[in-house]
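Okay, structure first, notes after.
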Amino acid sequence: MQASVIVFPGSNCDRDVAVCLEAVTGKKPNMVWHGNSDLPDSDVIVLPGGFSYGDYLRCGSMAANSPIMKEVVLKAQKGTAVLGICNGFQVLTECGLLPGVLIRNADLNFVCRNTRLIVDNNTTPFTGLYQQGEEVVIPVAHNEGNYFADDETLDELSGEGRIVLSYAPDDNPNGACKNIAGICDASGRVLGMMPHPERRAETALGGEDGKRMFTGLVEALS
Amino acid sequence: MTEDTTPPRTNHINDTEITPEIVAEHGLMPDEYENVVAHMGRTPNMTELGVFSVMWSEHCSYKSSRKWLKKLPVSGPQVIQGPGENAGVIDIGDGDAAVFKMESHNHPSFIEPYQGAATGVGGIMRDVFTMGARPVANMNALRFGDPSHPKTRHLVAGVVHGIGGYGNCIGVPTVGGEVNFDSCYNGNILVNAMCVGLARTDKIFYAAATGIGAPVVYVGSKTGRDGIHGATMASAEFDDTSEEKRPTVQVGDPFTEKLLLEACQELMASDAIIAIQDMGAAGLTSSSVEMADKGGVGIILDLDKIPCRETHMTGYEMLLSESQERMLMVLKPGRESEAEAIFLRWGLDFAVVGSLTDTGRMVVHHEGRMIADMPLEPLADGAPEYDRPYTPTPLAPHVDPSQMDDTNITDALKTLMGCSEIASRRWIYEQYDSMVMGDTLAGPGGDAALVRVHGTKKALAISTDVTPRYCLAQPVEGGKQAVAEAYRNISATGATPLAITNCLNFGNPERPEIMGQFVECLEGMGAACEALDFPVVSGNVSLYNETNGQGINPTPAIGGVGLIEDYEKAVGNAFTQSNQYIFVLGKTEGHLGSSLYQRFILQDDAIYAPPSVDLELERKHGEFVRDLIDAGIVNAVHDISDGGLLVAVAEMCLPHNVGCHIDDNNTAKFWFGEDQGRYVLVGDDADKILAQANASGLTLTYLGKTGGTELTIAERVHISVEQLDAVHENWLPDYMKTV
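Protein chains in written order, with the working numbering: chain A, 37 to 258; chain B, 645 to 1383.
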């Protein structure tokens, strides 16, 4: 599996996810600068966490308009898997690949801690190695992770099984509607999630619950 | 020089006559001003006076502290660079180096907590990456006023948001720190930020500029009017009008710093840089003076080339601005365009603003006139060195406060676990990204944080420590204790302590009793560094932490760094399973003077002697603990500090909700005394642990066994871990909620 990681000015989890992808695939991912308009062929495109463009204007909004994003949207429409983590999820909502918006955490504070997540849909290429309904531990680190959408969109997401990951009901760190931690598009091939699976991919860092997302991707896409 | 076509300003700032009032406004004493005139050989103009005043401010010149700082141990086989550069550097083997420093941002944080704290974090990271290192961990040591003081809550919230806002954005994990609350900080909070970076030993960058004619280059953000005279403000006492100084607080932009970090790293991978210096306190002035002076050259600057954010800035303002996220570099001639391409790609300003000369002078041109021409040597090194008078701190009585015989141990434990000094700091540290970069093996909440050296088995152990109430009662012992506690916290993880940085926060040094605290704390620190082979490689002094004549407790914060070769051998500080044996290493005499038991249970504010530190024993205990961890004989270790033995044991129960049973019949003194040099050790093989202690001739006491969901002591104490956890966790969030 060949991965590409998009690097925006202000991305800061690009290296972390690249380390994890390389460990799992045995191949260095392409690191693609935001200003490029060429995106090499890859099986999965990762939009990493961080503060693209300093989160100025609105989280993810400027990154969503950078040259490389036109390519990302085109590839996604043609079926390339896209994973947006944290700031990457914000970019995916801003560029319209995913519905809804991520607003400020309900308590107005940045939050960095482990969260307990429920895998609500294990039929996506990202979640094939988890059991349906399984509880896993993956950390979050964000200031704007409070997922919000109108009732119609929320009903559609849950009706179509597009809520892929949700916080355990007693462990919602940000006030997200329906405890949403991650959603996918109608094809199931574009996933946006606030938790950081790359931070839970080694026993030395506390566990490997996040690693299964990447090993699962390799199985699904190779 | 290019021909200047701009007409000279009417009413140029340099045309102002220098009066004694203007000299005083610049914070210079009359005799200091006479020295300036003597060095100049004439009366300085306003610009020159401004430059001298910041270079000779306490903040930049260390004029009150230098004499005593020279006495600290600064060398050792592990030291690559000691004090005097942007940050200290130590060798951690295999061609790797750890680069670190701690710095205060006290005055600005009190005036404007968010920006003050944020720019403190930004500044210390620049000090570290200027040396060629990539920052890998941030720490902080914070002191706030009494929780009941009306400003405290606002300051806590602002400082925590500021630290998080900067560190989280740039993507360097904040892995730990310490927080105290005490009324002595009501008018002067302390915000000390520490940064640790990693570099290769053969790619360290220094500030000394060499090469006559080499271009001087400005990179990073544009220059504005923010922070003018920040260094002078940081060298003065506060009074009730201090908040009017808000415009002298700088404003931070972590996004720009992230770009600056990446651009600098990219350029540093080449060999184009001769010297590099962060524009920190006193901005362009101090960076250019220090680079040129350290290299023994001269410098000429053309201020018309400085990228400015505001219009009509005077040369005086440009030279003294403390706008953030700027660096000054000297490049090899001919490498300008290569460097420019990198900075422009990262969207940053890049300008050649001057060149090196052989004159030993700093010459500054602006708008067609030469606005300053000064000798460098006296600017950098000519500040007076004061041997300020000091009086020894009176000996605090060497007796314990009288105990209450009927102290209920359970109630006392609950009170201490939920007091402002011991309560969980989770509300704070969960606002910091402690995991980014994917190498945080142990984040906030442990004795020391552990951060892996990326791609290796090695890890750095980092801890910040000082107990200001001990320093107040007996500065020599307090100074020793701060270093010893850092040593202990690092040893408790299994890592070997290597070196420290410090941030020396004191009151007004012109008062002999404050100077006495300073001298004595340094004496204790020096003795401990010497005895523990734990030299000082960098640091910062913050004096004049006083408001309306009320000084802070002496607070010499220590940032310790250690190394463990194989992080898989490291241990945590929590009980992880049942049926393990619990021991105390070190003698428990029950010293209650200056303890938290005195403050929170006896509620006695008299000053009693703090526990003394036996440095020789401290070292033996540290070595013993590290050997046990290395041999895999113990699986959890916790140092015993604030609150004493029972608080340490209770803290070990919390993370995994594992209780313990202790079979003992001692009194409050035993459980809450703060005798130094002690650790709680936990392991499966009691005989082996005891045998090792006997062989080493050390005092080891069996305490009990882990297990259950309660902490029990014989028949006297029964308290559920859940209940302990609730009092421990609730204090800070409850406090921050109340309006």
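Note that the Cβ used here is the ideal one computed from N, Cα and C, for glycine as well.
Option in the options with minimal Cα separation from residue i
| i | options | result |
| --- | --- | --- |
| valine 895 of chain B | B:Gln909, B:Ser914, B:Asp870 | B:Asp870 |
| valine 780 of chain B | B:Gln722, B:Phe1227, B:Leu842, B:Met1061 | B:Leu842 |
| aspartate 1083 of chain B | B:Arg770, B:Asn1149, B:Pro817, B:Trp1375 | B:Pro817 |
| asparagine 1149 of chain B | B:Asn832, B:Arg710, B:Lys1332 | B:Asn832 |
| serine 1285 of chain B | B:Arg953, B:Glu1267, B:Tyr1114, B:Asp937 | B:Tyr1114 |
| glycine 169 of chain A | A:Pro205, A:Gly242, A:Val109 | A:Pro205 |
| lysine 1381 of chain B | A:Leu144, A:Lys106, A:Arg51, A:Gly96 | A:Leu144 |
| alanine 761 of chain B | B:Glu729, B:Ile807, B:Leu716, B:Ile724 | B:Ile807 |
| glycine 815 of chain B | A:Phe250, A:Glu244, A:Asp52 | A:Asp52 |
| alanine 667 of chain B | B:Trp700, B:Ala1040, B:His656 | Reading off the sequence shown, one finds valine at residue 667 of chain B, where the question assumed alanine. The option with the nearest alpha carbon to valine 667 of chain B is B:Trp700. |
| serine 606 of chain B | B:Leu1368, B:Phe899, B:Ala742, B:Pro1022 | Any answer about residue 606 of chain B is impossible in this case: the structure gives chain B only from 645 up to 1383. |
| lysine 1349 of chain B | B:Val1326, B:Ile1363, B:Tyr1034, B:Asn1338 | B:Val1326 |
| glutamate 676 of chain B | B:Lys902, B:Gly809, B:Leu1023 | B:Leu1023 |
| methionine 1169 of chain B | B:Gly1203, B:Ala1103, B:Thr1140 | B:Gly1203 |
| alanine 1218 of chain B | B:Met962, B:Ala1294, B:Gly991, B:Asn1133 | B:Ala1294 |
Nearest-angstrom Cβ-Cβ length linking residue i and residue j, presumed shorter than 8 Å
| i | j | result |
| --- | --- | --- |
| lysine 714 of chain B | serine 1182 of chain B | With 8 Å as the limit, lysine 714 of chain B and serine 1182 of chain B do not qualify as a contact, their Cβ atoms being about 15 Å apart. |
| glycine 1287 of chain B | isoleucine 1066 of chain B | 5 Å |
| phenylalanine 44 of chain A | tyrosine 92 of chain A | With a Cβ gap of about 12 Å, phenylalanine 44 of chain A and tyrosine 92 of chain A do not count as contacting. |
| glutamate 729 of chain B | methionine 775 of chain B | 7 Å |
| alanine 99 of chain A | leucine 257 of chain A | So it is not a contact: roughly 24 Å between Cβ atoms. |
| asparagine 836 of chain B | glutamate 756 of chain B | Contact flag wrong, Cβ pair sits at about 17 Å. |
| glycine 1321 of chain B | leucine 1261 of chain B | 5 Å |
| leucine 1000 of chain B | isoleucine 943 of chain B | 6 Å |
| glycine 978 of chain B | threonine 854 of chain B | About 16 Å separates the two Cβ atoms, so there is no contact after all. |
| tyrosine 1076 of chain B | asparagine 812 of chain B | 7 Å |
Residues that residue i contacts on chain A, provided the C-beta gap is smaller than 9 Å
| i | result |
| --- | --- |
| glycine 1089 of chain B | Ordered by position in chain A, no residue passes the 9 Å Cβ test against glycine 1089 of chain B, which lies about 11 Å from the chain. |
| glycine 808 of chain B | Asn145, Phe146, Cys148, Asn179 |
| tyrosine 960 of chain B | What tyrosine 960 of chain B touches in chain A: nothing, since even the nearest Cβ is about 31 Å away. |
| cysteine 813 of chain B | Gly46, Asn48, Gly86, Phe87, Gly90, Asp91 |
Contacts of residue i in chain B (Cβ-Cβ under 9 Å)
| i | result |
| --- | --- |
| proline 45 of chain A | Phe899, Lys902, Leu903, Glu906, Trp990, Gly991 |
Any non-hydrogen atom of the ligand ZN within 7 Å of residue i CB
| i | result |
| --- | --- |
| histidine 749 of chain B | As presented, the structure is devoid of all ligands, the ligand ZN included, so that no description of it is given. |
Closer than 7 Å at the beta carbon, the chain B residues around residue i
| i | result |
| --- | --- |
| arginine 235 of chain A | Met1079, Gly1082 |
Residues that DSSP places opposite residue i in a beta bridge
| i | result |
| --- | --- |
| isoleucine 944 of chain B | B:Ser999, B:Val1007 |
| glycine 120 of chain A | A:Leu83, A:Gly228 |
| glycine 1141 of chain B | Before going further, note that residue 1141 of chain B is proline rather than glycine in the sequence given. According to DSSP, proline 1141 of chain B bridges with B:Gly1206. |
| lysine 745 of chain B | B:Cys839 |
| proline 779 of chain B | B:Gly841 |
| arginine 787 of chain B | B:Asn824, B:Leu834 |
| alanine 177 of chain A | A:Cys148 |
| phenylalanine 1227 of chain B | B:Leu1325, B:Tyr1346 |
Proximal residues of chain B, C-beta to C-beta of residue i below 8 Å
| i | result |
| --- | --- |
| valine 55 of chain A | Gly1082 |
| tyrosine 92 of chain A | Phe899 |
| tyrosine 203 of chain A | Neighbours of tyrosine 203 of chain A on chain B: none; closest Cβ ~15 Å, over 8 Å. |
| alanine 212 of chain A | Under the 8 Å cutoff, chain B gives no residues; its nearest Cβ is about 17 Å from alanine 212 of chain A. |
| aspartate 52 of chain A | Val1080, Met1081, Gly1082 |
| alanine 240 of chain A | Leu1085, Arg1096, Tyr1211, Glu1212 |
Amino acids of chain A, ordered along the chain, whose beta-carbon sits closer than 7 Å to that of residue i
| i | result |
| --- | --- |
| tyrosine 1241 of chain B | Near tyrosine 1241 of chain B there are no residues of chain A at all, since even the closest Cβ is about 32 Å away, more than 7 Å. |
| tyrosine 1188 of chain B | Going along chain A, no residue has its Cβ under 7 Å from tyrosine 1188 of chain B, so there is no contact; the nearest lies around 33 Å. |
| tyrosine 1379 of chain B | Simply none; closest approach about 14 Å. |
Residues that residue i contacts on chain A, provided the C-beta gap is smaller than 8 Å
| i | result |
| --- | --- |
| tyrosine 1384 of chain B | Residue 1384 of chain B falls outside the range modelled here, since chain B spans only 645 to 1383, and no answer is possible. |
Legend entry - Interface positions of the stretch 894 to 906 of chain B facing chain A (Cβ-Cβ less than 9 Å), listed along the chain: Asp897, Pro898, Phe899, Thr900, Lys902, Leu903, Glu906
Inset, instruction - Report the residues of the stretch 1075 to 1086 of chain B with a CB closer than 9 Å to any CB of chain A, ordered along the chain. - result: Gln1075, Tyr1076, Asp1077, Ser1078, Met1079, Val1080, Met1081, Gly1082, Asp1083, Thr1084, Leu1085
Legend entry - Near-chain A residues of the stretch 1293 to 1310 of chain B (beta-carbon distance less than 7 Å), N- to C-terminal order: none
Legend entry - Under 7 Å (Cβ pairs) to chain B, residues found in the stretch 69 to 86 of chain A: Gly86
Inset, instruction - Output, in sequence order along the chain, the residues in the stretch 129 to 156 of chain A whose CB is closer than 8 Å to any CB in chain B. - result: Asn145, Phe146, Val147, Cys148, Arg149
Inset, instruction - With 8 Å as the C-beta to C-beta threshold (strictly closer), list the residues of the stretch 815 to 827 of chain B near chain A in chain order. - result: Gly815
Inset, instruction - Pull out every residue of the stretch 1107 to 1124 of chain B whose Cβ sits closer than 7 Å to any Cβ of chain A, in chain order. - result: none
Legend entry - Contact list for the stretch 773 to 788 of chain B against chain A, Cβ threshold 9 Å: none
Inset, instruction - Identify each residue in the stretch 1191 to 1224 of chain B for which the Cβ-Cβ distance to at least one residue of chain A is less than 8 Å, and report them in chain order. - result: Tyr1211, Glu1212
Legend entry - Interface residues of the stretch 172 to 199 of chain A facing chain B [CB-CB below 8 Å]: Pro175, Ala177, Asn179
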